Amino acid sequence: TAELNNVHSVTEVPEGDDAKRSFHHRMFLEPQEKKRSMKALVVKQAKKTCSCTPAKVKDYVFSFFPVLQWLPKYKLREYLLGDVMSGVIVGVLLVPQSIAYSLLAGQEPIYGLYTSFFAGIIYFIFGTSRHISVGIFGVICLMVGQVVDREMQRAGYDLEPAALSVLTDTAVHVNTTLSPVNQTSQKLLCDKSCYAITVGATMTFIAGVYQVAMGFFQVGFVSVYLSDSLLSGFVTGASFTILTSQAKYLLGLDIPRSSGIGSLVATWINIFRNIHKTNICDLITSFLCFLVLIPTKELNEHFKSRLKAPIPVELVVIVAATLASHFGKLRETYGSSVAGHIPTGFLPPCPPDWNLIPNVALDAIPMAIIGFAITVSLSEMFAKKHGYSVKANQEMYAIGFCNIIPSFFHCFTTSAALAKTLVKESTGCRTQMSSMVTSLVILLVLLVIAPLFYSLQKCVLAVITIVNLRGALWKFRDLPKMWYLSRVDTVIWLVTMAASALVSTEIGLLVGVCFSMLCVIFRTQRPEAPLLGWVAESETYESLSAYKNLETKPGIMVFRFEAPLYYINKECFKSTLYKQTGVNPVWVKAAKKKAAKRMLREKEVDSGGNETSTSMDFVSEPMGFHTIVIDCCAVQFLDTAGIRTLKEVCKDYKEIDVHVLLAQCNPSVRSSLIRGEFFKEGEDHLLFHSVHQAVDFALGPQGHSRTSASK
1 TAELNNVHSV TEVPEGDDAK RSFHHRMFLE PQEKKRSMKA LVVKQAKKTC SCTPAKVKDY
61 VFSFFPVLQW LPKYKLREYL LGDVMSGVIV GVLLVPQSIA YSLLAGQEPI YGLYTSFFAG
121 IIYFIFGTSR HISVGIFGVI CLMVGQVVDR EMQRAGYDLE PAALSVLTDT AVHVNTTLSP
181 VNQTSQKLLC DKSCYAITVG ATMTFIAGVY QVAMGFFQVG FVSVYLSDSL LSGFVTGASF
241 TILTSQAKYL LGLDIPRSSG IGSLVATWIN IFRNIHKTNI CDLITSFLCF LVLIPTKELN
301 EHFKSRLKAP IPVELVVIVA ATLASHFGKL RETYGSSVAG HIPTGFLPPC PPDWNLIPNV
361 ALDAIPMAII GFAITVSLSE MFAKKHGYSV KANQEMYAIG FCNIIPSFFH CFTTSAALAK
421 TLVKESTGCR TQMSSMVTSL VILLVLLVIA PLFYSLQKCV LAVITIVNLR GALWKFRDLP
481 KMWYLSRVDT VIWLVTMAAS ALVSTEIGLL VGVCFSMLCV IFRTQRPEAP LLGWVAESET
541 YESLSAYKNL ETKPGIMVFR FEAPLYYINK ECFKSTLYKQ TGVNPVWVKA AKKKAAKRML
601 REKEVDSGGN ETSTSMDFVS EPMGFHTIVI DCCAVQFLDT AGIRTLKEVC KDYKEIDVHV
661 LLAQCNPSVR SSLIRGEFFK EGEDHLLFHS VHQAVDFALG PQGHSRTSAS K
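Each residue of the sequence shown is one higher than the one before, starting from 1 at the first, in UniProt numbering.
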């Protein structure tokens with residue numbers, strides 16, 4: 001460890017006019033011994049994993065089922081009222097949203113209610129967050145609907161999703177006394193509906209398997225590549241696609257749902273081509289619903305601190321619209337599209353279609369990552385706000401099982417949803433007991449109330465879906481502030497949003513991730529690299545370009561490179577260093593060689609010419625500085641190209657009588673330098689713990705003697 005122990009002899013260094021005495025003492029740093037025995041690590045981990053004791057089994061069970069930890073400690077008097085109130089309110093809000101988002105996912109309304117019912121119960125058992133609401137989420141529903149449409153087309157059905165067909169019954173609920181003709185017709189309708197939910201459930205199962213696998217292999221780090229700006233841009237871009245997919249219901253148009261790349265543009269083209277077929281009744285109904293929903297939602301948001309519970313305006317609108325449609329006979333008179341029959345009870349469990357797995361396996365990957373990332377970010381945000389901790393790994397298991405188990409009960413993909421989580425928290429939620437209350441509210445609808453929504457117009461459901469997008473769409477108002485805080489994040493947001501809206505949601509997410517990585521690479525490829533000056537009466541050095549009244553030491557340049565030094569930016573490091581110091585050693589050496597050759601030729605012609613003396617003057621011209629100190633405090637790591645670059649820089653500058661000193665290298669950089677044999681030339685390359693030490697060393701007798709000796 002001789003090279004690592006930075007040994008500096010005692011020197012006297014004049015400091016300004018006061019000629020203060022500064023001493024460098026020997027510093028001995030003994031590195032920690034690292035156990036590199038891979039076999040020992042594997043054996044130790046295997047023993048830890050495979051050992052089985054009653055206490056360990058208990059800890060594992062309690063960790064895997066967090067409900068067993070907090071439920072026995074449930075404070076009935078303190079928690080129950082808040083949990084019941086928040087559960088009922090979220091349930092009331094969730095019923096109309098579940099029905100509306102089912103259309104977005106290409107499913108019948110009943111399946112949205114199933115999804116919300118099972119998700120709350122399963123997260124109650126496996127989740128570690130006390131506040132988040134897990135259920136249907138608009139962006140996930142959109143992604144499910146796009147895959148369902150594609151698979152329906154492949155299977156030979158028309159492009160119109162099953163949820164949009166006006167069904168008078170469902171085969172699992174048909175009366176067995178139907179005539180054979182009616183049974184055949186009913187079977188055909190059900191086949192389309194059942195195939196749609198089969199595709200959705202199979203994709204949900206695969207997404208859940210991915211999420212559980214991520215938890216098992218502890219690869220939650222994948223979510224770190226989804227920054228806040230990327231997720232926000234993705235959700236906003238997807239919101240434009242959701243709005244576009246719902247626009248035809250506002251106008252009462254019967255046009256196929258576009259899918260694939262450029263579906264947003266294709267959908268609007270179809271809408272304008274068929275604009276003359278607008279159903280005036282649906283258009284007026286949509287307009288009236290907007291007039292009621294938007295102001296009331298704004299009032300809820302404005303007075304949320306004063307209201308004990310938000311006004312359930314969506315439920316009021318659905319009830320009023322259903323009554324108006326039923327008694328006004330809007331379907332029979334004006335041809336308005338309605339929700340149709342919503343059966344009561346539950347369908348028998350059914351496994352996913354294993355033959356569909358190859359078709360939807362890739363589509364499930366972005367859904368699994370988005371669902372996990374949103375769930376974990378929301379759970380951590382509310383846990384931090386309320387002073388408790390969540391386990392990201394367990395959250396992966398929880399959201400995975402919220403998809404795997406319900407997929408056997410005709411459900412589609414779920415995740416946490418911000419809007420419902422905010423309502424849940426603001427209405428007094430204390431634990432996930434509120435999720436059970438919400439599920440009970442949905443159960444009541446499933447068993448009793450669901451058939452009453454037969455006459456509900458689909459344009460009302462579309463309005464509810466669009467109004468709930470306003471939070472994502474209003475992100476445009478935050479762009480000036482975002483631009484002020486970080487222009488790079490703003491560009492990432494815009495690129496991801498545009499790609500998600502104009503290309504497709506899946507490709508938009510991929511574009512956002514790739515563009516974010518490129519931004520990181522670009523920022524390390526062209527980092528800040530200033531010259532530093534001394535802050536008077538201190539041992540601090542700061543950027544000359546950022547601060548005034550800094551001093552420079554005679555004959556010394558202090559240079560800081562604010563990025564890792566690796567193969568991507570090694571040329572930038574060299575060119576910036578040459579530019580900042582004003583001396584390119586390669587050019588200086590070439591000029592010296594050229595001048596020497598010219599002088600040799602002139603001597604052969606005339607040994608006493610004037611031009612020869614000019615060449616001699618050029619060769620002996622002083623450099624202006626004798627030492628460069630490289631501040632490595634911002635260099636996190638070096639690769640082989642970085643080590644080789646440092647060697648080349650030191651060698652090139654040494655050949656023109658300029659010495660390079662390194663300061664403030666972290667242990668990783670020091671280790672890389674040692675392994676790369678950077679110190680093999682001994683004291684020609686000294687390593688210093690601070691820039692101040694390096695500068696004092698260069699100013700002192702040792703520094704001057706080294707410079708003189710090299711000359």
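By construction, the Cβ of each residue, glycine as well, lies at the ideal position given by its N, Cα and C atoms.
Owing to the predicted nature of the structure, the values given are computational and were not obtained by experimental measurement.
- Between residue 136 and residue 339, the CB-CB gap reaches or exceeds 9 Å.
- In this structure, residue 140 lies near residue 413, with their beta-carbon atoms less than 9 Å apart.
- The shortest CA-to-CA distance from residue 636 to any of 215, 344, 566, 461 is the one to 566.
- Straight-line measurement puts the Cα of residue 489 at about 40 Å from the Cα of residue 651.
- Considered as a whole, the stretch 71 to 106 harbours 76 to 104 as its complete alpha helix (DSSP H) runs of no fewer than 4 residues, in chain order.
- Sorting 481, 57, 513 by C-alpha distance to the C-alpha of residue 495 places 513 at the top.
- In the three-state DSSP reduction, residue 659 falls in the strand class (E or B).
- Taking residue 692 as the centre and dropping the five residues before and after it, the same chain places the C-beta of 539 closer than 6 Å to its C-beta, in chain order.
- When DSSP assignments are scanned along the stretch 207 to 236, no uninterrupted stretch of alpha helix (DSSP H) that is 4 or more residues long falls wholly within it.
- Assignment of residue 541 by DSSP, reduced to helix, strand and coil, places it in the strand class.
- Straight through space, the alpha carbons of residue 536 and residue 590 are spaced by roughly 39 Å.
- Its Cα nearest to that of residue 351, the residue 203 stands out among 210, 645, 633, 203.
- In the structure shown, the three-state DSSP call for residue 664 is coil.
- The beta carbon of residue 93 sits closer than 8 Å to those of 310, 312, 314, 315, 420, 423, all from its chain and outside the five residues before and after it, given in chain order.
- DSSP lists 543 as the bridge partner or partners of residue 532.
- Taking the Cα of residue 205 as reference, the smallest distance to any Cα among 353, 527, 660 is reached at 353.
- The Cβ atoms of residue 112 and residue 102 lie closer than 9 Å to each other.
- With contacts defined by Cβ atoms closer than 9 Å, residue 631 and residue 558 form a contacting pair.
- Sixteen is the threshold: since fewer than 16 other Cβ atoms of the shown chains lie within 10 Å of the Cβ of residue 284, the residue is exposed.
- Between the stretch 431 to 442 and the stretch 248 to 265, the count of C-beta pairs closer than 8 Å stays below three; the two stretches do not touch.
- The Cβ-Cβ distance between residue 409 and residue 212 does not fall below 9 Å.
- DSSP places residue 629 in the uninterrupted beta strand (DSSP E) bounded by 627 to 631.
- Residue 135 is bridged by DSSP to 415.
- Here DSSP, grouped into helix, strand and coil, assigns residue 357 to helix.
- With fewer than 16 other CB atoms across the displayed protein chains lying within 10 angstroms of its CB, residue 517 is exposed.
- The Cβ atoms of residue 279 and residue 328 lie no closer than 9 Å to each other.
- For residue 573, the uninterrupted alpha helix (DSSP H) run begins and ends at 570 to 581, by DSSP.
- Across the structure, residue 225 and residue 594 are spaced so that their CA atoms are roughly 52 Å apart.
- Counting C-beta pairs closer than 8 Å gives fewer than three between the stretch 467 to 485 and the stretch 366 to 375, which falls short of the contact rule.
- Around the beta carbon of residue 425, 16 or more other beta carbons lie within 10 angstroms, which makes this residue buried.
- Assignment of residue 556 by DSSP, reduced to helix, strand and coil, places it in the strand class.
- Assigned with DSSP and collapsed to three states, residue 67 falls in helix.
- If you look at residue 431, you'll find it isn't in any alpha helix (DSSP H); DSSP assigns it neither H nor E.
- For residue 52, no alpha helix (DSSP H) encloses it, and the DSSP letter there is neither H nor E.
- When DSSP states are grouped into helix, strand and coil, residue 678 belongs to the coil group.
- Going by DSSP, residue 329 is part of no alpha helix (DSSP H) at all; its letter is neither H nor E.
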